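Q:
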Amino acid sequence: MPPPVPHRAGLTAPAKPQRSKQDTQYARLRPYLEKWGTQSLAYSCFQPDLHFFVQPKIGLLPYRTSMGTTLALGNPLCAPEHEEAFLKAFLDKHPRSLFAQVEGTTAATLRSLGLHVTPMGTDALIDIPSFTLHGKAKRDLRHYQNRSQEAQTDIQEAYDTPALRFELHQISKAWMQSKKVSTRELSFLIRPLAEHPERATRIFTASRASQTLGFVLFDPIFNQGSCTGYTASILRELPHAPEGTLDSIILHAIERFKDEGRRTLSLGVMPMYDMKNSARIHGSGARPLFHFCGALYRSPWQPICNLRGLSFHKSRYRPETPPVFIATTSPIGLLQMAALTRTCGLLP
């Protein structure tokens, strides 16, 4: 495997002679992303079939439409001082909207604009400089790391090439076919694996005897032009990969990011986690939607989605857990939520 390319935010593999559609999109979105892409979800603006609400040099917000609802993806990529006016302009054009996975000041601004802001889980943020594997709480992570070493798994940062992408897609197909429910690639809130090399992302792989067993793709988190951290965006492994392969990759990447001076690693959202506590602090928003999601989390369907298992696994890293929200123009929110789940690929 070729040595990894030294990574600096905004740089990637050598340019190709022909400018691809992917490169064109990156050039268009880059000024907004690299300046204001502080949210762990920000790089998800790079995926197919998105529309963009843009105010030149002010801000950008990706969205899709489904079932008569405009579905905005995450916090807008704009300066905080322009956020309220930007969101007002978006709502003027799209009066029937749902804002998916918003947080912080964006959630507060949408609440002040009259939207119903419903707790929908938390992010899982690791403070990279202070992260260690010490303590009883992280014994499972140490166990996974030891199992990986015993299996003689080689973990490396990979050079992002078309050949590597082809291999990762084969792993991804095998991974999806091993799932209990759906073999469809999800999208929107969960960014699908791109077919071609991408700018600013990083890929770490685990291999043994020249076979790649699994990989984690990390999306960059930016602030004012600098890459301050990453999101573990796409995690896939072969069904026969040793226990803890993906966790071992993440732990290896954390040490690399720590050496580079990065600040934050997001493990992604913990869906519907700690909703009651968030509601006590921030309110329950659209109450029918809040109670429906709470019932779903406790229902017999829950093992299918494995929401509790997903949250429990991420909690082993002892991350910070800032709340995330869904904001709806409807006080009920159920039909708008149905549009979101269909767009993500959870419903046919």
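All you need for the working numbering is the position in the sequence shown, starting with 1, plus 123. Using N, Cα and C, we set each Cβ at its ideal position, and we do this for glycine too. The structure displayed is predicted, hence computed values, not measured ones.
How far does the alpha helix (DSSP H) with Arg234 in it reach, from first residue to last?
A: Gly227 to Ser235
Q: Tell me whether His375 is buried or exposed, calling it buried when 16 or more other Cβ atoms sit within 10 Å of its Cβ.
A: buried
Q: Please confirm whether Gln224 has its beta-carbon closer than 9 Å to some beta-carbon of chain C.
A: No chain C appears in this structure, which consists of one protein chain only.
Q: Beta-carbon within less than 6 Å of Val225's beta-carbon, same chain only, minus the 5 sequence neighbours each way: which residues are those?
A: Asn198, Phe448 and Ala450
Q: Specify the secondary structure class of Cys394 as computed by DSSP and reduced to three states.
A: The question names Cys, but residue 394 in the sequence shown is Pro. In this structure, Pro394 counts as strand in the three-state DSSP scheme.
Q: For the alpha helix (DSSP H) that contains Pro510, what are its first and last residues?
A: No statement about residue 510 is possible, as the shown extent of the chain runs from 124 to 471 and does not include it.
Q: Just tell me which of Leu388, Ile455, Thr466 and Ser453 has its CA closest to the CA of Thr444.
A: Leu388
Q: Pop quiz: Leu210 and Leu183 are said to be a contact at Cβ under 8 Å. What is the actual Cβ separation, rounded to whole angstroms?
A: That pair is no contact at about 12 Å.
Q: So Leu361 and Leu194 are in contact, right, with Cβ under 8 Å, and what is the actual spacing, rounded?
A: Their Cβ separation, rounded to whole angstroms, is 33 Å, which puts Leu361 and Leu194 out of contact at 8 Å.
Q: From the DSSP output, which residues share a beta bridge with Ser220?
A: Thr193
Q: If you draw a straight line from the alpha carbon of Ala231 to that of Glu207, how long is it in whole angstroms?
A: Roughly 10 Å between the two C-alpha positions.
Q: Classify Ser401 as helix, strand or coil using the three-state DSSP reduction.
A: Helix.
Q: Output the distance between the C-alpha atoms of Lys399 and Phe175, rounded to the nearest integer angstrom.
A: 33 Å
Q: State the DSSP-derived secondary structure class of Glu207, mapped to helix, strand or coil.
A: helix
Q: Indicate the three-state DSSP secondary structure (helix, strand or coil) for Pro242 in the structure shown.
A: strand
Q: Decide if Ser163 is buried, meaning its Cβ has at least 16 other Cβ atoms within 10 Å, or exposed.
A: buried
Q: Give the secondary structure of Asp382 by DSSP, where H, G and I count as helix, E and B as strand, and everything else as coil.
A: helix
Q: Exposed or buried, what is Asp382 when buried is set at 16 or more other beta-carbons lying within 10 Å of its beta-carbon?
A: exposed
Q: Would you grab the beta carbon distance between Arg403 and Met190 for me? Rounded to a whole angstrom, and I think it's under 8 Å.
A: Beta-carbon to beta-carbon, Arg403 and Met190 are separated by about 31 Å, too far to satisfy the 8 Å threshold.
Q: Taking Cβ to Cβ, would you say Thr328 is nearer than 9 Å to Leu336?
A: Going by C-beta atoms, Thr328 is nearer than 9 Å to Leu336.
Q: Could you work out which residue in Pro454, Leu156 and Leu458 is closest to Thr241 when comparing CA atoms only?
A: Pro454
Q: Going by the beta-carbon positions, is the gap between His292 and Gly408 smaller than 9 Å?
A: no
Q: Within the same chain, show all residues whose beta-carbon is closer than 7 Å to that of Arg439, passing over the 5 residues directly before and after it, in chain order.
A: Lys261, Asp263 and Leu264
Q: What are the partner residues of Ile449, as DSSP defines its beta bridges?
A: Thr241
Q: Near Glu502, which residues of its chain fall below 7 Å by C-beta distance, leaving aside the five closest residues on each side in sequence?
A: Because the chain spans 124 through 471 in this model, residue 502 falls outside it and cannot be assessed.
Q: Would DSSP call Leu469 helix, strand or coil?
A: coil
Q: Given a threshold of 16 other Cβ atoms within 10 Å of its Cβ, counted over all protein chains shown, does Gly456 qualify as buried or as exposed?
A: buried
Q: For Gln275, which residues from the same chain have a beta carbon less than 7 Å from its beta carbon, with the 5 sequence-adjacent residues on both sides left out?
A: Arg331
Q: CB Ser167 to CB Leu312, shorter than 9 Å?
A: yes
Q: Relative to the ligand FAD, is the shortest distance from any of its heavy atoms to the C-beta of Arg262 smaller than 8 Å?
A: The ligand FAD is absent from the structure shown, which contains no ligand whatsoever.
Q: How close, in whole Å, do the beta carbons of Cys467 and Met243 come, if the pair is a contact with beta carbons under 8 Å?
A: Not really, about 13 Å apart at Cβ, beyond 8 Å.
Q: Taking the C-alpha atoms as reference points, what is the distance between Ser310 and Ala281?
A: C-alpha separation (whole angstroms): 24 Å.
Q: Use the C-beta contact count for Arg421: other C-beta atoms within 10 angstroms, 16 or more gives buried, fewer gives exposed.
A: exposed
Q: Mapping the DSSP letters down to three states, classify Ser422 as helix, strand or coil.
A: coil
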